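Undergrad: When you line the sequence shown up against the numbering used here, it's residues 107 to 752, in that order.
We put the CB at the ideal spot given by N, CA and C, even for glycine.
Because the structure is a prediction, the values reported are computed rather than measured.
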Amino acid sequence: MRTGRMLSGVLALVMFAGAAAPVLAQEAKPVGAVAGKAALKSGSPTIEQFLKIRTPGSATIAADGSMYVRDWPDGVWQLYRVPADQVGKSSSGQKLTDFKDGLSGYSLSPDGKNVLLFHAVGGNENTQISLLKPEGGFKPLVENPKVQYAVNAWLDDSSGFIFTGNDKSPSDFYIYRYDLADGKVTQLLSKEGSWSAGDVTRDAKRYLVAQYRSISDSSVHELDAATGKLTELSVKPKEGTSSNEIVGYMPGEKSVLLLTDADADVKKLVLKDLATGAVSEPIKELSGYELDGAGIDHERNRLIVSVNRDGYGEASVYELPSFKKMALPDIPKGVVSIGDTRKGRLSYTLSNAQTPGLTYTIDKAGDAPRQITFTDTQGIDLSAFPLPKLVKYTSFDGLEIPSFLWTPPGYKEGTPIPFVVNYHGGPEGQHRPTFSALTQFLLSRGYGVMQPNVRGSTGYGRKFHMMDDYKKRWDSVKDGVEAARWLVKNNYSSPGRIAAYGGSYGGFMAVATIVDDGASKDRVFGASVNVVGIVNMKTFLEQTAGYRRKLREVEYGPLSDPEFLASVSSINRIDDIKVPMMIAHGLNDPRVPVGEAMQLAVGLQQRGFDPELVFCPDEGHGFAKLSNRLLFSDRMVKFLDRTIGK
107 MRTGRMLSGV LALVMFAGAA APVLAQEAKP VGAVAGKAAL KSGSPTIEQF LKIRTPGSAT
167 IAADGSMYVR DWPDGVWQLY RVPADQVGKS SSGQKLTDFK DGLSGYSLSP DGKNVLLFHA
227 VGGNENTQIS LLKPEGGFKP LVENPKVQYA VNAWLDDSSG FIFTGNDKSP SDFYIYRYDL
287 ADGKVTQLLS KEGSWSAGDV TRDAKRYLVA QYRSISDSSV HELDAATGKL TELSVKPKEG
347 TSSNEIVGYM PGEKSVLLLT DADADVKKLV LKDLATGAVS EPIKELSGYE LDGAGIDHER
407 NRLIVSVNRD GYGEASVYEL PSFKKMALPD IPKGVVSIGD TRKGRLSYTL SNAQTPGLTY
467 TIDKAGDAPR QITFTDTQGI DLSAFPLPKL VKYTSFDGLE IPSFLWTPPG YKEGTPIPFV
527 VNYHGGPEGQ HRPTFSALTQ FLLSRGYGVM QPNVRGSTGY GRKFHMMDDY KKRWDSVKDG
587 VEAARWLVKN NYSSPGRIAA YGGSYGGFMA VATIVDDGAS KDRVFGASVN VVGIVNMKTF
647 LEQTAGYRRK LREVEYGPLS DPEFLASVSS INRIDDIKVP MMIAHGLNDP RVPVGEAMQL
707 AVGLQQRGFD PELVFCPDEG HGFAKLSNRL LFSDRMVKFL DRTIGK
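1. Do Y499 and M615 have their C-beta atoms within less than 7 Å of each other?
2. Identify the continuous beta strand (DSSP E) that holds S324 and give its terminal residues.
3. Does the beta-carbon of Q293 have 16 or more other beta-carbons within 10 angstroms, so that it is buried, or is it exposed?
4. Let's see if you can read the secondary structure: which residues bound the beta strand (DSSP E) around R283?
5. Using the beta-carbon count (16 or more within 10 Å), is I437 buried or exposed?
6. Nearest CA to the CA of K577: which residue from K206, M742, G663?
7. Quickly, what does DSSP pair K378 with across the bridge? List them, please.
8. Where do the N-terminal and C-terminal ends of the beta strand (DSSP E) with D305 fall, by residue?
9. What residue does the beta strand (DSSP E) around L456 start on, and which one ends it?
10. Which residues does DSSP list as the beta-bridge partners of I167?
11. At which residue ranges does the segment 233 to 260 contain complete beta strand (DSSP E) runs of 3 or more residues, listed in the order of the chain?
12. Which two residues bound the contiguous alpha helix (DSSP H) that contains L647?
13. Does K595 get closer than 7 Å to chain D when you measure Cβ to Cβ?
14. Can you tell which of A168, N734, D204 has its C-alpha closest to the C-alpha of D191?
15. Let me know if E659 comes out buried or exposed under the rule of 16 or more other beta-carbons within 10 Å of its beta-carbon.
16. Kindly indicate the opening and closing residues of the beta strand (DSSP E) around H225.
17. What residues in its chain sit with their C-beta under 6 Å from that of G624, if we drop five residues either side in the sequence?
18. Nearest to G50 by alpha carbon, out of G399, V315, A703, C722?
19. Three Cβ pairs or more, each shorter than 8 Å: is that satisfied between the segment 340 to 347 and the segment 282 to 300?
20. Taking the beta carbon of R415 as the centre, do at least 16 other beta carbons fall within 10 Å, making it buried, or is it exposed?
21. From the DSSP output, in three-state form, read off L693 for me.
22. Please name the residue in L665, N230, T203 whose C-alpha comes closest to that of L222.
23. Taking the continuous alpha helix (DSSP H) assigned at D585, which residues delimit it?
24. Let's test the definition: count the other Cβ atoms within 10 Å of the Cβ of L732 and tell me whether it reaches 16, buried, or not, exposed.
25. Where do the N-terminal and C-terminal ends of the beta strand (DSSP E) with F205 fall, by residue?
26. Are the CB atoms of I153 and Q484 nearer to each other than 7 Å?
27. Beta-carbon within less than 7 Å of S361's beta-carbon, same chain only, minus the 5 sequence neighbours each way: which residues are those?
28. Return yes when the Cβ of Q546 is within less than 7 Å of the Cβ of S563, no when it is not.
29. I need the straight-line Cα distance from A753 to M572, nearest angstrom please.
30. Assuming P246 contacts S236 under a Cβ cut-off of 8 Å, what Cβ separation, rounded to an integer in Å, is found between them?
31. Tell me the start and end of each unbroken alpha helix (DSSP H) in the segment 602 to 686 that is at least 4 residues and wholly inside, in chain order.
32. When the Cβ atoms of the segment 259 to 269 are set against those of the segment 277 to 294, are three or more pairs found closer than 8 Å?
33. Check whether the Cβ atoms of F502 and A459 sit closer than 7 Å, and answer yes or no.
34. Just how far apart, CA to CA, sit P435 and P475?
35. Indicate the three-state DSSP secondary structure (helix, strand or coil) for Y186 in the structure shown.
36. Buried or exposed, going by whether 16 or more other CB atoms sit within 10 Å of the CB of N642?
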């Protein structure tokens with residue numbers, strides 16, 4: 107599908123884990139010695155069973171009817187191929203790859219004859235590009251272990267593809283063309299900044315490219331391949347910046363579709379004429395709704411739009427060029443993302459508390475959807491899993507904060523129970539009501555889970571996601587504390603029985619909230635779990651990967667303002683930490699280097715604390731390997747049982 111932004115971003119799950127640790131960490135037992143011990147009662151499903159619930163992802167049906175899928179029966183993602191006569195009956199197939207650290211992703215060419223493989227080492231995010239060999243194995247196409255590459259789009263005739271790489275400068279991504287016939291690489295654009303391509307004309311003479319500066323500031327341009335001329339297509343606001351995203355060329359390639367929030371609080375779909383520059387909104391019914399993304403199929407016959415309604419995701423499909431809405435079957439509530447759209451086919455994936463990302467396909471208009479991926483349930487009845495409730499609470503300054511509230515089976519309203527407040531990453535992220543094995547396991551053990559979308563979250567408009575920028579950083583922390591106070595006020599929990607938990611920016615929140623709470627008279631938190639989180643803004647910005655630094659300075663504040671960065675760094679208020687902590691990190695993390703965790707661990711140990719430490723030498727920003735997730739999750743649940751689960 108032609109799109110500058112993936113519709114299925116919501117399916118990217120954060121995997122947390124731990125493994126044998128370096129000097130600061132406690133000695134880790136072999137996974138087999140700990141996995142599955144934490145269970146509600148004898149005979150109930152173990153943590154190992156919950157974490158092994160899986161569904162193959164990224165399903166694509168080839169021209170011959172066979173299906174490519176990513177799956178992880180061996181603990182890491184690999185590519186599999188399901189024979190045509192088994193599609194719709196089974197997700198099991200022939201294993202095609204065997205990367206030690208797993209397969210990051212893949213892309214099937216429009217003609218279905220070639221498969222590109224994306225893979226990195228040890229979580230370092232330096233993704234390399236290879237070609238799957240028909241006889242098995244792979245052939246490296248673009249490789250440099252110090253460079254991060256990404257495939258943006260295929261050429262229409264499948265003869266090559268467009269990709270980006272930061273091979274000249276860590277912070278600058280140039281755009282290249284790769285021709286499969288002779289391996290020729292042609293540089294198309296070499297400008298400073300984070301650039302990518304989203305669509306290509308059928309004759310490969312014009313490209314839609316975008317420059318990303320921040321979530322609130324990005325631009326779209328048309329690139330003439332012959333001359334190198336860039337023509338900006340962005341919709342400009344009356345003042346300030348705007349976000350502009352590529353959707354794709356319309357049929358005939360004389361106009362383009364974009365997403366923009368220029369002079370609007372939410373993104374809108376606009377049609378721009380390339381000759382006159384005229385801009386219009388072709389689908390009035392979408393006005394006023396938050397759009398997750400949009401894309402055009404390869405044949406340029408259909409437009410797919412993903413709408414975000416309070417965290418729930420809905421998909422709509424329109425015929426092109428008429429913009430007539432196509433009928434879709436009734437789909438259960440959750441988060442829906444559109445995947446494969448080849449040759450008139452329409453595949454979609456549904457994720458909710460009881461459905462771990464199942465994929466269905468509609469082969470042609472009017473057909474009933476058929477299921478093409480299947481869940482390994484580990485013998486657990488997923489239909490019994492609790493669904494979340496959407497609640498809203500008022501923060502310190504009167505702002506309303508949306509949140510998903512999960513309570514265990516049989517919970518009686520007004521009964522205080524131990525709770526985990528789970529903060530999402532980003533910070534430009536959003537908690538959504540999707541499937542989470544760890545959440546469901548916590549519920550099975552009698553814990554409640556609250557997932558606040560504090561200010562700065564996406565999904566609620568431009569104004570809301572900019573409310574935590576730079577000098578307003580600590581306001582989001584206060585939102586996080588207020589979530590815990592709301593639980594106490596409404597008798598869902600009680601002081602000392604609430605844990606702060608999160609990964610990445612959520613890890614920052616997991617520490618910052620207990621710091622803020624620790625300085626107050628009426629403390630509510632009883633524990634904290636920080637996974638790959640920031641504790642020192644200055645050292646984080648100095649040491650994060652070069653391609654991340656500029657983007658993060660826009661969000662958190664520049665290195666040229668050390669006083670402010672110090673003021674929002676929890677490491678400088680470590681004496682306000684009054685509760686037990688668990689710290690987990692991957693040693694190869696390029697985004698939040700492991701030094702952040704080391705600083706916090708040493709600081710706590712120097713003050714007489716004994717934090718639970720889990721470090722993983724073969725992971726990066728989050729943990730992907732099943733063995734590591736099993737170990738981390740088991741330790742986390744035991745930590746919670748000791749601290750807040752009394």
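TA: According to the data block:
1. Position 393 of the sequence shown, counted from the start, is the residue given in the question as residue 499. Position 509 of the sequence shown, counted from the start, is the residue given in the question as residue 615. No, the pair does not count as a contact, with Cβ atoms beyond the cut-off.
2. Counting from 1 along the sequence shown, the entry for residue 324 is found at position 218. Taken as a continuous stretch (DSSP letters only), the beta strand (DSSP E) holding S324 covers 323 to 330.
3. What you label residue 293 is simply residue 187 of the sequence shown in a count that begins at 1. Q293 should be labelled exposed.
4. Here residue 283 corresponds to residue number 177 of the sequence shown, with the count starting at 1. Per DSSP, R283 belongs to the beta strand (DSSP E) from 278 to 285.
5. Along the sequence shown, one-based indexing puts residue 437 at 331. By the neighbour-count rule (16 or more Cβ atoms within 10 Å), I437 is not buried but exposed.
6. Position 471 of the sequence shown, counted from the start, is the residue given in the question as residue 577. Per the Cα distances, G663.
7. In the sequence shown, the residue the question calls residue 378 occupies position 272. Partner(s): V362, V385.
8. Residue numbering aside, residue 305 sits at position 199 when the sequence shown is read from its first letter. 300 to 306 is the extent of the beta strand (DSSP E) around D305.
9. As a position in the sequence shown, residue 456 is number 350, starting the count at 1. DSSP places L456 in the uninterrupted beta strand (DSSP E) bounded by 452 to 458.
10. Within the sequence shown, residue 167 is the residue found at index 61, counting from 1. According to DSSP, which records beta bridges pairwise, I167 is partnered with M173.
11. 234 to 238, 244 to 248, 255 to 260
12. In the sequence shown, residue 647 corresponds to position 541, counting from 1. 643 to 649 is the span of the alpha helix (DSSP H), which, as asked, contains L647.
13. Looking at the structure shown, chain D is missing, and only one protein chain is on hand.
14. As a first step, residue 191 is located in the sequence shown; it is residue number 85 there, counting from the start. Minimum Cα distance to D191 is reached at A168.
15. The count along the sequence shown starts at 1 and reaches residue 659 at position 553. Its Cβ being crowded by 16 or more others within 10 Å, E659 is buried.
16. Stepping through the sequence shown from its first residue, residue 225 is reached at position 119. Unbroken beta strand (DSSP E) run through H225: 221 to 225.
17. The residue given as residue 624 occupies position 518 in the sequence shown. D682, I683, K684.
18. What is shown of the chain runs 107 to 752, which leaves residue 50 out entirely.
19. no
20. Your numbering for residue 415 matches position 309 in the sequence shown. Its Cβ having fewer than 16 others within 10 Å, R415 is exposed.
21. Residue numbering aside, residue 693 sits at position 587 when the sequence shown is read from its first letter. L693 falls in the coil class under three-state DSSP.
22. In the sequence shown, residue 222 corresponds to position 116, counting from 1. Measuring from the Cα of L222, the nearest candidate turns out to be T203.
23. Your numbering for residue 585 matches position 479 in the sequence shown. Bounds of the alpha helix (DSSP H) holding D585 are 579 to 595.
24. Taking the first residue of the sequence shown as 1, we reach residue 732 at position 626. The residue is buried, with at least 16 neighbouring Cβ atoms inside 10 Å.
25. As a working mapping, residue 205 is identified with position 99 in the sequence shown. That residue, F205, is in no beta strand (DSSP E); it is neither H nor E in DSSP.
26. Walking along the sequence shown from the start, residue 153 turns up at place 47. Walking along the sequence shown from the start, residue 484 turns up at place 378. No. Outside cutoff.
27. What you label residue 361 is simply residue 255 of the sequence shown in a count that begins at 1. Beyond the five residues adjoining it in sequence on each side, S361 comes within less than 7 Å, by CB distance, of L377, K378, D379, L380 in the same chain, given in chain order.
28. Position 457 of the sequence shown, counting from 1, holds the residue named residue 563. Position 440 of the sequence shown, counting from 1, holds the residue named residue 546. No. Outside cutoff.
29. What the structure shows of the chain is the stretch from 107 to 752, and residue 753 is not part of that stretch, so it cannot be assessed.
30. Translated into positions along the sequence shown, residue 246 becomes position 140. Translated into positions along the sequence shown, residue 236 becomes position 130. That belief holds up - the Cβ atoms of P246 and S236 are roughly 5 Å apart, short of 8 Å.
31. The qualifying runs are 611 to 624, 643 to 649, 652 to 662, 668 to 673.
32. yes
33. Here the question's residue 502 lines up with position 396 in the sequence shown. Here the question's residue 459 lines up with position 353 in the sequence shown. Going by C-beta atoms, F502 is not nearer than 7 Å to A459.
34. Counted from its first residue, the sequence shown places residue 435 at position 329. Counted from its first residue, the sequence shown places residue 475 at position 369. Each residue's alpha carbon lies about 8 Å from the other.
35. Along the sequence shown, one-based indexing puts residue 186 at 80. If DSSP states are grouped into helix, strand and coil, Y186 belongs with the strands.
36. Here residue 642 refers to the residue found at position 536 of the sequence shown. N642 is buried by the Cβ-count criterion.
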